[in-house]
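Student:
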Amino acid sequence: MEIDVKRIAHLARIDLDPQDENTLATELELILARINKLLEVDVEGVPPTFALGTQMMEPADDVPHESLCRELVMECAPSVHEGYFKVPRESQGV
Amino acid sequence: MTNQYEMMIGLEVHVELATATKMFCRCSSRFGDPPNTNICPVCLGMPGALPQANMEAVKLATRAAIALNCKINASSRFDRKNYFYPDLPKGYQVTQYYEPIATDGYILIDNPRKKIRINRVHIEEDAGKSIHAGDEIITAEYSLVDCNRAGVPLIEIVSEPDMSSPEEARQYLERLQRLLKFARVSDVKMEEGSMRVDCNISVRRKGSQEFGTVCEMKNLSSFRAVVRALAYEFERQVQVLAQGGKIVRETKHWDETEQVTKALRTKESSDDYRYFPDPDLPKLELSREFIEQVRRQMPKLPDEIVSYYVDELGLPEYDAQVLTADPLLAEFFDACVSLGADPKTASNWIMVELLGYMKANNIPYENIPLRPEYLVSMLELISEGVISGKIAKDVLVIMIETGQDPRTIVKERGLEQISDDESIARIVDEVIAEHSSVVEEIKAGKAKAIGFLVGQVMKRTKGKANPAKVSTILKDKLLS
Amino acid sequence: MEIWGLPARDILKYISSGEISAIEVLESFLGAISEIDTEINAFIEVLEPMARMDASRVDAQLREGNSPGPLAGLPVAIKDNICVKGAGCTCGSKILENWISPYDAATAKRLREQGAVIIGKTNMDEFAMGSSTETSAFGVTRNPWDLERVPGGSSGGSAAAVAAGMAPLALGTDTGGSIRQPASFTGICGLKPTYGLVSRFGATAYASSLDTVGSMAETVWDCALLLEAIAGHDPLDSTSAAGEPVAYTKGLQGDVAGLRVGVPKELLEGVSAPVKQLFHNTLGTMEHMGMTVEEMSIPSIAHAVEAYYVVAAAEASSNLSRFDGVRFGRRAAVDTLDEMYTRSRGEGLGKEVIKRIILGTFVLDAGNIDRYYRRAAQVRTLIKREFEKTFERFQVIVSPASPDVAFKIGEKIHDPLTMYLSDLITIPVNMAGLCALSMPMGFVDCEGSSLPCGLQIIGKPFDEQTVLRVGHYLEQEIGLGIRKEVCAMRRKLTPVRECELVD
Numbered sequence: 001m002e003i004d005v006k007r008i009a010h011l012a013r014i015d016l017d018p019q020d021e022n023t024l025a026t027e028l029e030l031i032l033a034r035i036n037k038l039l040e041v042d043v044e045g046v047p048p049t050f051a052l053g054t055q056m057m058e059p060a061d062d063v064p065h066e067s068l069c070r071e072l073v074m075e076c077a078p079s080v081h082e083g084y085f086k087v088p089r090e091s092q093g094v
Numbered sequence: 001m002t003n004q005y006e007m008m009i010g011l012e013v014h015v016e017l018a019t020a021t022k023m024f025c026r027c028s029s030r031f032g033d034p035p036n037t038n039i040c041p042v043c044l045g046m047p048g049a050l051p052q053a054n055m056e057a058v059k060l061a062t063r064a065a066i067a068l069n070c071k072i073n074a075s076s077r078f079d080r081k082n083y084f085y086p087d088l089p090k091g092y093q094v095t096q097y098y099e100p101i102a103t104d105g106y107i108l109i110d111n112p113r114k115k116i117r118i119n120r121v122h123i124e125e126d127a128g129k130s131i132h133a134g135d136e137i138i139t140a141e142y143s144l145v146d147c148n149r150a151g152v153p154l155i156e157i158v159s160e161p162d163m164s165s166p167e168e169a170r171q172y173l174e175r176l177q178r179l180l181k182f183a184r185v186s187d188v189k190m191e192e193g194s195m196r197v198d199c200n201i202s203v204r205r206k207g208s209q210e211f212g213t214v215c216e217m218k219n220l221s222s223f224r225a226v227v228r229a230l231a232y233e234f235e236r237q238v239q240v241l242a243q244g245g246k247i248v249r250e251t252k253h254w255d256e257t258e259q260v261t262k263a264l265r266t267k268e269s270s271d272d273y274r275y276f277p278d279p280d281l282p283k284l285e286l287s288r289e290f291i292e293q294v295r296r297q298m299p300k301l302p303d304e305i306v307s308y309y310v311d312e313l314g315l316p317e318y319d320a321q322v323l324t325a326d327p328l329l330a331e332f333f334d335a336c337v338s339l340g341a342d343p344k345t346a347s348n349w350i351m352v353e354l355l356g357y358m359k360a361n362n363i364p365y366e367n368i369p370l371r372p373e374y375l376v377s378m379l380e381l382i383s384e385g386v387i388s389g390k391i392a393k394d395v396l397v398i399m400i401e402t403g404q405d406p407r408t409i410v411k412e413r414g415l416e417q418i419s420d421d422e423s424i425a426r427i428v429d430e431v432i433a434e435h436s437s438v439v440e441e442i443k444a445g446k447a448k449a450i451g452f453l454v455g456q457v458m459k460r461t462k463g464k465a466n467p468a469k470v471s472t473i474l475k476d477k478l479l480s
Numbered sequence: 001m002e003i004w005g006l007p008a009r010d011i012l013k014y015i016s017s018g019e020i021s022a023i024e025v026l027e028s029f030l031g032a033i034s035e036i037d038t039e040i041n042a043f044i045e046v047l048e049p050m051a052r053m054d055a056s057r058v059d060a061q062l063r064e065g066n067s068p069g070p071l072a073g074l075p076v077a078i079k080d081n082i083c084v085k086g087a088g089c090t091c092g093s094k095i096l097e098n099w100i101s102p103y104d105a106a107t108a109k110r111l112r113e114q115g116a117v118i119i120g121k122t123n124m125d126e127f128a129m130g131s132s133t134e135t136s137a138f139g140v141t142r143n144p145w146d147l148e149r150v151p152g153g154s155s156g157g158s159a160a161a162v163a164a165g166m167a168p169l170a171l172g173t174d175t176g177g178s179i180r181q182p183a184s185f186t187g188i189c190g191l192k193p194t195y196g197l198v199s200r201f202g203a204t205a206y207a208s209s210l211d212t213v214g215s216m217a218e219t220v221w222d223c224a225l226l227l228e229a230i231a232g233h234d235p236l237d238s239t240s241a242a243g244e245p246v247a248y249t250k251g252l253q254g255d256v257a258g259l260r261v262g263v264p265k266e267l268l269e270g271v272s273a274p275v276k277q278l279f280h281n282t283l284g285t286m287e288h289m290g291m292t293v294e295e296m297s298i299p300s301i302a303h304a305v306e307a308y309y310v311v312a313a314a315e316a317s318s319n320l321s322r323f324d325g326v327r328f329g330r331r332a333a334v335d336t337l338d339e340m341y342t343r344s345r346g347e348g349l350g351k352e353v354i355k356r357i358i359l360g361t362f363v364l365d366a367g368n369i370d371r372y373y374r375r376a377a378q379v380r381t382l383i384k385r386e387f388e389k390t391f392e393r394f395q396v397i398v399s400p401a402s403p404d405v406a407f408k409i410g411e412k413i414h415d416p417l418t419m420y421l422s423d424l425i426t427i428p429v430n431m432a433g434l435c436a437l438s439m440p441m442g443f444v445d446c447e448g449s450s451l452p453c454g455l456q457i458i459g460k461p462f463d464e465q466t467v468l469r470v471g472h473y474l475e476q477e478i479g480l481g482i483r484k485e486v487c488a489m490r491r492k493l494t495p496v497r498e499c500e501l502v503d
């Protein structure tokens with residue numbers, strides 16, 4: 001099998017139960033078989049197109065705008081504490 | 001045993017750019033505001049938000065690159081570094097991985113005289129700040145996230161592993177900090193986190209051609225911590241190697257209280273960041289005119305100022321170096337000179353008295369507690385003979401503490417020097433009368449003893465007599 | 001007079017002549033929604049109070065003799081991945097179920113500034129990943145032409161809303177065909193603009209280098225009107241193109257005779273026989289109108305789907321990392337940081353989204369990035385180049401907008417590859433950053449239903465005007481017949497209401 005779904009899922013921080021993992025692996029193998037056709041294309045010397053448009057970046061002036069209202073943002077946050085976003089601790093040890 | 005081994009040190013320094021707003025949004029980048037009060041959809045990574053680069057940040061990064069003798073890349077690009085951490089709102093950091101804004105620079109250090117090469121300078125955005133309740137990461141119950149810092153513009157300056165002792169690393173850092181301060185790129189404060197240092201160290205047996213395994217050290221909060229952590233890590237690695245052990249490639253963090261390095265649990269290795277070009281940002285193209293303009297607008301850098309002080313003002317190299325420790329100090333000195341002060345006299349007073357006072361009272365350079373025109377008028381009072389140098393030292397402290405100008409201080413407190421011949425002669429006569437044995441010795445040819453009598457006159461006048469006049473009058477009376 | 005179901009152009013006339021007020025227009029559409037949408041499920045949220053405020057403001061401006069703007073009083077439905085301040089923005093996902101946007105997308109802001117009334121947020125495939133709205137966390141949207149069938153996707157909610165007459169105008173997003181295919185499935189017009197013409201600011205990213213925001217409406221004129229309102233440079237979107245605003249509605253009248261029309265044979269592969277038949281009839285009409293139609297080839301199109309899935313998945317895997325349960329959105333009840341991430345995302349994101357994130361993470365992984373991601377970007381260059389060459393010879397390129405008519409709910413959801421391949425016709429346009437219009441070209445009888453089927457007219461970058469003009473001319477030839485069918489369909493949906501036949 002080409003895709004180590006468990007490792008990739010952890011990189012993407014997605015919890016999968018073993019059954020989902022299997023289904024996903026099968027589906028991804030199918031898709032990958034199709035995608036592997038790309039390897040047949042001759043791209044020798046072809047520059048990649050990562051983004052469209054030929055425009056140059058137009059950086060903005062360094063003038064501050066008003067901040068979002070903190071209370072408004074906190075209302076939609078899952079867990080808060082005195083103006084901070086609150087998250088569980090990092091798990092211990094290795 | 002350690003003398004059979006050598007170390008190679010490379011430094012990665014993050015510096016916050018002195019902009020008013022963040023790298024990709026126009027939230028204020030101010031330090032020290034209440035948590036989450038400088039936030040917007042962009043720096044919070046909300047659905048739909050897109051980055052817009054900060055012109056001033058691009059300018060400051062270019063300026064830094066020029067100051068560090070780098071080659072500026074006319075075209076550079078932003079990439080995404082993907083990883084998960086609560087203080088990283090988008091789940092990726094925008095940085096320049098594949099095509100940085102500048103490469104191939106260097107910094108010169110003095111002892112030993114050596115060129116430390118700089119591999120690259122690139123622009124990136126800062127993460128937010130995590131506060132771990134309970135302080136120690138390992139014992140925290142939960143963490144709190146403040147996004148005020150998320151998106152603040154940084155440059156990362158990556159050196160080659162050209163330093164071979166902690167002392168060289170310290171010099172490199174001091175030089176780098178001073179340069180960036182003078183270039184007005186950043187306030188480079190380790191204690192506020194606007195300058196952060198990560199060290200890479202590898203150790204090998206002297207004469208070996210192979211490179212040792214690189215260990216990275218983080219959490220270094222001062223130059224002293226850098227020096228100590230490097231020294232500690234060198235000792236540790238030598239011991240491991242000497243016993244035939246192997247160095248494990250790992251990230252360590254410096255424990256300031258225990259003065260040891262500890263392994264940090266890392267979940268992602270650098271292979272796991274999935275760097276790829278950020279499709280939300282077109283290439284950053286810098287025109288020749290832009291780069292030239294930045295070059296023209298470059299503030300004077302320390303080396304240039306030092307040679308001006310030495311060659312044009314006639315200061316000793318030592319003085320010139322001390323005065324260019326900080327741009328605000330150099331500006332203070334320049335102001336004194338332009339107000340007519342003799343450069344060497346001004347330098348002496350600044351280096352000894354002013355800096356002495358500031359050091360004793362822990363005053364940073366940005367709060368120099370004295371106006372240059374006051375120091376200059378104090379120097380004038382000395383040269384006019386109104387006060388003695390000794391009194392002037394007191395006047396300086398009073399100026400600092402009251403904010404008054406020296407002429408007022410001298411007048412209100414009656415500190416003027418006694419300069420009229422009659423008054424001095426009267427006191428001289430009293431002193432001669434009281435020290436007849438010394439007078440005899442002087443008359444017998446021991447001219448040096450006159451100094452003692454001068455001291456007695458000064459004591460009696462509480463330092464206000466003009467010492468030169470006292471000496472002349474004494475000599476007149478005793479030796480003619 | 002019934003207002004709902006009328007094209008925008010007619011509503012505008014009535015409002016500007018003072019015959020009806022913006023609030024009357026709004027109430028008519030709100031009434032239609034409450035009656036029809038229980039069956040269709042086009043809307044995730046109807047913004048009643050907000051829309052009433054918008055409409056009252058427009059009426060107040062009209063009373064004071066001020067112009068509320070070119071969209072005065074026109075209700076617009078907005079796909080639920082485009083932010084509207086104070087409204088939810090679920091992106092069809094459980095993970096954003098309770099999030100309220102604190103800001104307006106650039107397009108939403110422009111609409112309001114020009115007098116539009118934002119009537120509601122429409123259903124979609126989760127994070128725009130899908131072609132049927134079946135991956136929405138809020139239930140499938142049903143195709144008004146046949147309630148057993150999908151409306152297409154991912155902008156299926158917007159398409160169904162317009163088709164059923166619940167909104168005259170709608171915004172959609174198109175990353176690989178998400179405006180054009182649902183437009184085709186529901187018998188309306190949808191314009192995917194050139195990448196960079198319309199600001200993406202505030203439109204939740206699926207694949208940043210492919211995403212576009214575009215217009216959906218019953219007629220080409222209406223589509224042009226909406227495009228006019230949302231197009232234009234936006235400094236907040238660094239990929240937004242500079243350029244002067246274009247009055248697309250005015251430019252519809254130019255001549256089309258003599259235009260050279262290319263038909264790439266690669267875009268006809270896999271097209272069903274009845275759709276092909278309809279397409280050839282349409283080509284005949286175009287020739288009859290004086291255009292030259294020529295079959296030709298764009299070979300690199302053959303690799304567009306593979307390259308698309310690599311690029312889109314890669315960008316998506318990174319774009320969707322922000323849904324982590326820290327600052328907004330759903331968080332699973334857990335004790336550790338690692339679980340907060342993995343369970344919040346594992347439970348909050350749907351299967352299709354997870355699949356694409358995993359695929360994207362895989363193709364960007366250290367050992368694979370050159371093999372897949374970089375190579376796909378190179379193939380993209382090849383596609384772009386071939387289209388550039390093609391446009392030296394042709395003014396527009398045409399194809400069906402979908403290989404077949406709307407499929408049945410549940411028919412393809414478990415067959416990912418077929419589903420992906422059905423995008424083959426639309427994907428090359430996004431890969432090359434072109435513009436394209438999907439407009440109805442007729443109907444196909446299918447198991448007792450008469451189902452609409454769209455024509456795709458592709459133009460070179462920033463040549464929306466030519467594409468719209470061709471569409472407009474064609475519509476004058478075949479539009480009336482389609483409008484009749486639309487009215488019949490709507491009468492079936494809600495027999496008590498009348499559907500006006502204008503013109």
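If you read the sequences in order, they're chains A, B and C. Just so you know, my numbering puts 25 at position 25 of the first sequence, and the rest follows in order with no gaps. Just so you know, my numbering puts 312 at position 312 of the second sequence, and the rest follows in order with no gaps. Just so you know, my numbering puts 479 at position 479 of the third sequence, and the rest follows in order with no gaps. Ideal placement from N, C-alpha and C gives every residue a C-beta, glycine not left out. Predicted model only: the values in this text are computed from it and were never measured.
#1: Could you give the distance in angstroms between the alpha-carbon of alanine 401 of chain C and the alpha-carbon of cysteine 453 of chain C?
#2: Tell me whether the beta-carbon of proline 235 of chain C lies closer than 8 Å to the beta-carbon of glutamate 58 of chain A.
#3: Where DSSP assigns a beta bridge to tryptophan 254 of chain B, which residues make up the other side?
#4: Over what stretch of residues does the beta strand (DSSP E) that includes valine 94 of chain B continue unbroken?
#5: Identify the residues that DSSP records as bridge partners of valine 46 of chain C: which are they?
#6: Do aspartate 423 of chain C and glycine 176 of chain C have their CB atoms nearer than 8 Å?
#7: Give me, in chain order, the residues of the same chain whose beta-carbon lies closer than 6 Å to that of alanine 316 of chain C; leave out the 5 immediate sequence neighbours on both sides.
#8: Please check if any C-beta of chain A sits within less than 8 Å of the C-beta of glycine 196 of chain C.
#9: Within 10 angstroms of its Cβ, does cysteine 70 of chain B collect 16 or more other Cβ (buried), or is it exposed?
#10: Please identify the residue among B:Val227, B:Leu379 and B:Gln243 whose C-alpha is closest to the C-alpha of glutamate 256 of chain B.
#11: Using CA coordinates, which residue listed in C:His288, C:Gly187 and C:Gly448 is at the minimum distance from glycine 481 of chain C?
#12: Tell me, please, which residues DSSP counts as bridged to phenylalanine 85 of chain A.
#13: Let me see if you follow: with CB-CB separation under 8 Å, is valine 63 of chain A close to chain C or not?
#14: Are the C-beta atoms of valine 94 of chain B and some chain A residue less than 8 Å apart?
#15: Output the distance between the C-alpha atoms of phenylalanine 234 of chain B and glycine 212 of chain B, rounded to the nearest integer angstrom.
#16: Indicate the three-state DSSP secondary structure (helix, strand or coil) for proline 18 of chain A in the structure shown.
#17: In chain B, what lies closer than 9 Å to threonine 361 of chain C by C-beta?
#18: Hey, does aspartate 255 of chain B have any beta-carbon neighbour from chain A nearer than 8 Å?
#19: If you draw a straight line from the C-alpha of serine 165 of chain B to the C-alpha of alanine 231 of chain B, how long is it?
#20: Taking the alpha-carbon positions, what's the methionine 1 of chain B to glutamate 210 of chain B distance?
#21: Check whether the stretch 12-20 of chain A touches the stretch 332-352 of chain C, counting contact only when three or more Cβ pairs, one atom from each stretch, lie closer than 8 Å.
#22: Verify the CB distance criterion: does glutamate 19 of chain C have a CB-CB separation below 8 Å to chain B?
#23: What are the boundary residues of the alpha helix (DSSP H) that lysine 355 of chain C is part of?
#24: Quick check: the stretch 175-182 of chain B against the stretch 37-54 of chain B, are at least 3 beta-carbon pairs closer than 8 Å?
Tutor: Let me lay it out:
#1: Numbered from 1 along the third sequence, position 401 holds the residue referred to as residue 401 of chain C. Numbered from 1 along the third sequence, position 453 holds the residue referred to as residue 453 of chain C. Near 8 Å, if we compare the C-alpha coordinates of cysteine 453 of chain C and alanine 401 of chain C.
#2: Taking the third sequence and counting its residues from 1, the one referred to as residue 235 of chain C is at position 235. Taking the first sequence and counting its residues from 1, the one referred to as residue 58 of chain A is at position 58. In contact: proline 235 of chain C and glutamate 58 of chain A (Cβ atoms closer than 8 Å).
#3: Stepping through the second sequence from its first residue, residue 254 of chain B is reached at position 254. DSSP, once it has assigned bridges, lists B:Thr261 as partnering tryptophan 254 of chain B.
#4: Taking the second sequence and counting its residues from 1, the one referred to as residue 94 of chain B is at position 94. From DSSP, the beta strand (DSSP E) with valine 94 of chain B extends over 92-95.
#5: Within the third sequence, residue 46 of chain C is the residue found at index 46, counting from 1. C:Gly120.
#6: Here residue 423 of chain C refers to the residue found at position 423 when the third sequence is read from its first residue. Here residue 176 of chain C refers to the residue found at position 176 when the third sequence is read from its first residue. Yes. Within cutoff.
#7: Mapped onto the third sequence, residue 316 of chain C falls at position 316. So the list reads Tyr206, Ala207, Arg356 and Gly360, once near-sequence residues are dropped.
#8: Counted from its first residue, the third sequence places residue 196 of chain C at position 196. Judged by the 8 Å Cβ criterion, glycine 196 of chain C is in contact with chain A.
#9: The residue labelled residue 70 of chain B in the question sits at position 70 within the second sequence. Result: buried.
#10: As a first step, residue 256 of chain B must be located in the second sequence, where it is residue number 256. Closest by alpha carbon: B:Val227.
#11: If you number the third sequence from 1, residue 481 of chain C lands on position 481. Answer by Cα proximity: C:Gly187.
#12: The residue labelled residue 85 of chain A in the question sits at position 85 within the first sequence. Answer is A:Val80 and B:Val145.
#13: In the first sequence, residue 63 of chain A corresponds to position 63, counting from 1. Chain C contact via Cβ: absent.
#14: The residue labelled residue 94 of chain B in the question sits at position 94 within the second sequence. Output row for valine 94 of chain B: interface = no.
#15: Locating residue 234 of chain B in the second sequence gives position 234, where the first residue counts as 1. Locating residue 212 of chain B in the second sequence gives position 212, where the first residue counts as 1. Taking the straight line from one Cα to the other gives about 12 Å.
#16: Here the question's residue 18 of chain A lines up with position 18 in the first sequence. Proline 18 of chain A: helix per DSSP, three-state reduction.
#17: Here residue 361 of chain C refers to the residue found at position 361 of the third sequence. Residues of chain B passing the Cβ test: Asn82 and Arg274.
#18: For the purposes of this step, residue 255 of chain B is taken as residue 255 along the second sequence, with counting starting at 1. It does not: the Cβ of aspartate 255 of chain B has no partner Cβ on chain A nearer than 8 Å.
#19: Within the second sequence, residue 165 of chain B is the residue found at index 165, counting from 1. Within the second sequence, residue 231 of chain B is the residue found at index 231, counting from 1. Cα-Cα distance, rounded: 8 Å.
#20: By one-based count along the second sequence, residue 1 of chain B stands at place 1. By one-based count along the second sequence, residue 210 of chain B stands at place 210. If I take the Cα positions, the gap works out to 19 Å.
#21: yes
#22: One-based indexing of the third sequence puts residue 19 of chain C at position 19. Not one chain B Cβ lies under 8 Å of glutamate 19 of chain C.
#23: Numbered from its first residue, the third sequence carries residue 355 of chain C at position 355. Lysine 355 of chain C -> alpha helix (DSSP H) spans 351-364.
#24: no
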